[in-house]
Amino acid sequence: LVGGEFDLETNFIIQDAEGIGCMVELLEHCDLPCQAEMWSMFTAILRKSVRNLQTSTEVGLIQRVLMRMSTVDDMIADLLVDMLGVLASYSITVKELKLLFSMLRGDNGVWPRHAVKLLSVLNQMPQRHGPDTFFNFPGRSAAAIALPPIAKWPYQSGFTLNTWFRMDPLNNINVDKDKPYLYCFRTSKGVGYSAHFVGNCLIVTSLKSKGKGFQHCVKYDFQPRKWYMISIVHIYNRWRNSEIRCYVNGQLVSYGDMAWHVNTNDSYDKCFLGSSETADANRVFCGQLGAIYVFSEALNPAQIFAIHQLGPGYKSTFKFKSESDLHLAEHHKQVLYDGKLASSISFTYNAKATDAQLCLESSPKENPSIFVHSPHALMLQDVKAIVTHSIHSAIHSIGGIQVLFPLFAQLDYRQQNDSQVETAVCATLLAFLVELLKSSVAMQEQMLGGKGFLVIGYLLEKVQLSLYTYLSAEFIGTATIYSTIRRVGTVLQLMHTLKYYYWAINPQESSGITPKGLDGPRPSQKEIISLRAFMLLFLKQLILKDENIHDVLQLLVALMSEHPASMIPAFDQRNGIRVIYKLLASKSESIRVQGLKVLGYFLKHLGHKRKVEIMHTHSLFTLLGERLMLHTNMVTITTYNTLYEILTEQVCTQVVHKPHPEPDSTVKIQNPMILKVVATLMKNSTPSTELMEVRRLFLSDMIKLFSNSRENRR
1 LVGGEFDLET NFIIQDAEGI GCMVELLEHC DLPCQAEMWS MFTAILRKSV RNLQTSTEVG
61 LIQRVLMRMS TVDDMIADLL VDMLGVLASY SITVKELKLL FSMLRGDNGV WPRHAVKLLS
121 VLNQMPQRHG PDTFFNFPGR SAAAIALPPI AKWPYQSGFT LNTWFRMDPL NNINVDKDKP
181 YLYCFRTSKG VGYSAHFVGN CLIVTSLKSK GKGFQHCVKY DFQPRKWYMI SIVHIYNRWR
241 NSEIRCYVNG QLVSYGDMAW HVNTNDSYDK CFLGSSETAD ANRVFCGQLG AIYVFSEALN
301 PAQIFAIHQL GPGYKSTFKF KSESDLHLAE HHKQVLYDGK LASSISFTYN AKATDAQLCL
361 ESSPKENPSI FVHSPHALML QDVKAIVTHS IHSAIHSIGG IQVLFPLFAQ LDYRQQNDSQ
421 VETAVCATLL AFLVELLKSS VAMQEQMLGG KGFLVIGYLL EKVQLSLYTY LSAEFIGTAT
481 IYSTIRRVGT VLQLMHTLKY YYWAINPQES SGITPKGLDG PRPSQKEIIS LRAFMLLFLK
541 QLILKDENIH DVLQLLVALM SEHPASMIPA FDQRNGIRVI YKLLASKSES IRVQGLKVLG
601 YFLKHLGHKR KVEIMHTHSL FTLLGERLML HTNMVTITTY NTLYEILTEQ VCTQVVHKPH
661 PEPDSTVKIQ NPMILKVVAT LMKNSTPSTE LMEVRRLFLS DMIKLFSNSR ENRR
């Protein structure tokens, strides 16, 4: 298979595709331990290399294995199912998916042999981490994508390069010697722009004359065999230092001043993706590239974050809001489709838009061309455009999500030579359904349009007690569920269900109501009473909203303290500040204090511009005092301590009920408007001993803060 001595570290790439078919046939004649060893090792090399996955896909390995599934031993079946899961999550054709579903069709209340094991393959299919289409670079000398000459490089508004990439090294031997190039745009004199890897680091270079220029190291540990979105933003400033900013997966990871602009009138005729201009074996990229974009503008953080939300499979030109199958927030759609991104694309290439070895440049026709002649690029030396088939596209071609419904009708089927019903099937099917719905808006629309939930509800008519246990105990506790559930309608439906179906005593005689649910076997009296108890508990939670949100706020404070990089942007995007201001009007001081803690962490990690935009534009500091005084006319030490933390942005997770330690010379006032908030609160408070202590503490803090720092006095 590998064209030499096999080694899992240095020689594991399949060179002979035809050998895979021979291996499958040969293994049928081997003993079980040998088969198990071979299939286990084969799955390992599939996981290790996309090239092996692609080779196995091209020879139709999924179909070959499925055709043999019904005859193999149980132990080998487990290994084959594992391998099929790896292959199917990479690519599965319509023909292969139809064959898989045909092997799941039961007969006479019995599942086909190994069918229940094959169901687990379904669960692995949606677990894709990369794009459907990509360029594959083999890592050989001169293997690159050659771009046509570029007349003039866009610089006056800056420029941005954006792509998804995955390093897939042939082995780990030459890691120290190799300097694979992600891109290289240079003139015949050697000046221009490039980016290359040294180990796991990316070095962005701007050569302004032969051998002289500037470099910037992207401070990020890029791991092999993992997809990343890289965005390299060059910001041009005429009167001060130009800048470079590097984003990984939509997040800023590295930045600095860099005089990157190359002042030349020569055309850029040495332009390559996946190689340097020399294209020697040590400088070619080995791995996969998604769609490549070069924008004639320095994109801002919001644009880059929104592009990342589109996922690695995106390859269009930011023109149509409905083009993505992912659910995007409205503010992301606004950023993506306001026309600015589309009009600033200088050039873009993707693996879908190819013709033999030609890569078709795909920017909007109305955009001015920066190329000397034709804009189309050329794939050299076994660089290939790979097109894979996701479960979403395959299942859509055989009838959509509805093809799953017949499997729900087989839930009470048993396996061959087993009298017990297979209870794990329902969970497996529901998990697969959830993954499909989560990852595709089209699937969600099919589910609703085809009355999918009604169909599944009908097929699941043998309701388990555990379902109502979950409803009453866990379901309603989920914040997102509580906010979207239609409480009044659900209460009415539950009351109707209890009255007509889940009655403990036939209501016909006592109330004249004609009962339902008599056309088949009913649960026992004991089971009916248990079911009614859980349904009534669920009902109670719908009617009485739980006020105990203190522990949830504590968790939020802890998360914002420990993971500000991910929590603060998420909190901002979802308008979390609105929730906090609503909680500040709570009658409970403990909830108000925890709300202030959240506000403190939010302001601490917010940029100055965004802070002004949120807090000052809407006069939220003034509103802060008003909200705190809604249900009390007293300022406690605890509330003051928390406001002091916001003032100095020295927030801690612990609630301090005693006077806090005196500030030293290092403490700076970060949010001076809090001083006015505290003064207003004290002015409107009822005189008391505790208020005097708060006033004394406030004055003491002011004296210390002002005497220790000129900046604080200013």
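Using UniProt numbering, read the sequence shown as starting at 1 and increasing by one per residue.
Note that the Cβ used here is the ideal one computed from N, Cα and C, for glycine as well.
Helix, strand or coil at residue i according to DSSP, with G and I counted as helix
| i | result |
| --- | --- |
| ARG238 | coil |
| ALA146 | strand |
| SER483 | Interpretation of SER483 is limited by its pLDDT of 49, a score under 50 that renders its predicted location unreliable; the figure taken from the coordinates is listed afterwards. If DSSP states are grouped into helix, strand and coil, SER483 belongs with the helices. |
| MET702 | helix |
| ASP355 | strand |
| GLN650 | coil |
| ILE244 | strand |
| GLN215 | strand |
| SER209 | strand |
| VAL463 | Only weak support is given to the placement of VAL463: the predicted model assigns it a pLDDT of 47, under 50, and the value that follows is read from those uncertain coordinates. VAL463 falls in the coil class under three-state DSSP. |
| ASN506 | coil |
| ARG522 | coil |
| ASN11 | strand |
7 Å Cβ shell around residue i - same chain, five flanking residues per side excluded
| i | result |
| --- | --- |
| ASP178 | ASN282 |
| SER390 | ARG128, ASP132 |
| LYS604 | GLU649, VAL651 |
| MET673 | PHE621 |
Delimiting residues of the beta strand (DSSP E) encompassing residue i
| i | result |
| --- | --- |
| VAL387 | 384-387 |
| CYS286 | 286-295 |
| ILE669 | Element bounds for ILE669: n/a, residue is neither H nor E. |
| ALA377 | 377-379 |
| ASP257 | 251-257 |
| THR160 | 159-167 |
| LYS270 | 270-273 |
| THR348 | 345-349 |
Run of the alpha helix (DSSP H) containing residue i, from where it starts to where it stops
| i | result |
| --- | --- |
| ALA44 | 32-48 |
| PRO301 | 301-309 |
| MET67 | 61-68 |
| GLU445 | 441-449 |
| ASN136 | No alpha helix (DSSP H) holds ASN136; the beta strand (DSSP E) holding it covers 133-138. |
| GLY192 | Per DSSP, GLY192 belongs to no alpha helix (DSSP H); it is in the beta strand (DSSP E), 192-198. |
| LEU182 | Not the alpha helix (DSSP H): LEU182 falls in the beta strand (DSSP E), residues 181-186. |
| residue 722 | Outside the displayed range of the chain (1 to 714) lies residue 722, so it cannot be described from this structure. |
| LEU326 | Neither: LEU326 is in no alpha helix (DSSP H) and is coded neither H nor E. |
| GLY19 | 18-27 |
| LYS611 | 608-611 |
Close beta carbons around residue i, own chain, < 8 Å, minus the five adjacent residues each side
| i | result |
| --- | --- |
| VAL557 | GLN594, LYS597, VAL598, TYR601, THR653 |
| PRO148 | CYS271, PHE371, VAL372, HIS373, SER374, PRO375, HIS376, ALA377 |
| GLY489 | none |
Other residues of its chain near residue i: CB distance less than 6 Å, five sequence neighbours each side excluded
| i | result |
| --- | --- |
| HIS114 | MET69, ALA77 |
| ARG64 | VAL24 |
| THR348 | TYR293, SER362, SER363 |
| GLN446 | GLY400, ILE401 |
| HIS332 | ALA306, GLN309 |
8 Å Cβ cutoff met for residue i and residue j
| i | j | result |
| --- | --- | --- |
| VAL262 | ARG140 | no |
| ASN712 | ASP664 | no |
| VAL694 | TYR644 | no |
| LEU66 | MET125 | no |
| ILE232 | ALA298 | no |
| ASN249 | TYR228 | yes |
| HIS631 | SER590 | no |
| residue 782 | LEU691 | Past the boundaries of the shown model lies residue 782; the chain is included only from 1 to 714, so the question cannot be answered. |
| GLU243 | ASP257 | yes |
| GLN288 | ASP168 | yes |
| ILE230 | CYS217 | no |
| ALA291 | LYS319 | no |
| LEU705 | VAL667 | yes |
Cβ distance (whole Å) where residue i is taken to contact residue j below 8 Å
| i | j | result |
| --- | --- | --- |
| residue 715 | VAL387 | Coverage of the chain is limited to positions 1 through 714, which leaves residue 715 absent and any answer about it impossible. |
| LYS516 | TYR500 | 5 Å |
| LEU87 | LEU46 | 7 Å |
| ARG51 | ASN136 | 7 Å |
| ILE577 | ILE614 | 6 Å |
| SER344 | SER276 | The pair is not a contact, with the Cβ atoms about 27 Å apart (cut-off 8 Å). |
| ARG627 | LEU584 | 4 Å |
| ALA151 | LEU273 | With a Cβ gap of about 18 Å, ALA151 and LEU273 do not count as contacting. |
| GLY192 | LYS210 | Going by Cβ atoms, the distance from GLY192 to LYS210 rounds to 11 Å, so no, they are not a contact pair. |
| LEU32 | TYR90 | About 27 Å; that fails the 8 Å criterion. |
| LEU79 | ILE62 | Contact doesn't hold; Cβ gap of about 15 Å is too wide. |
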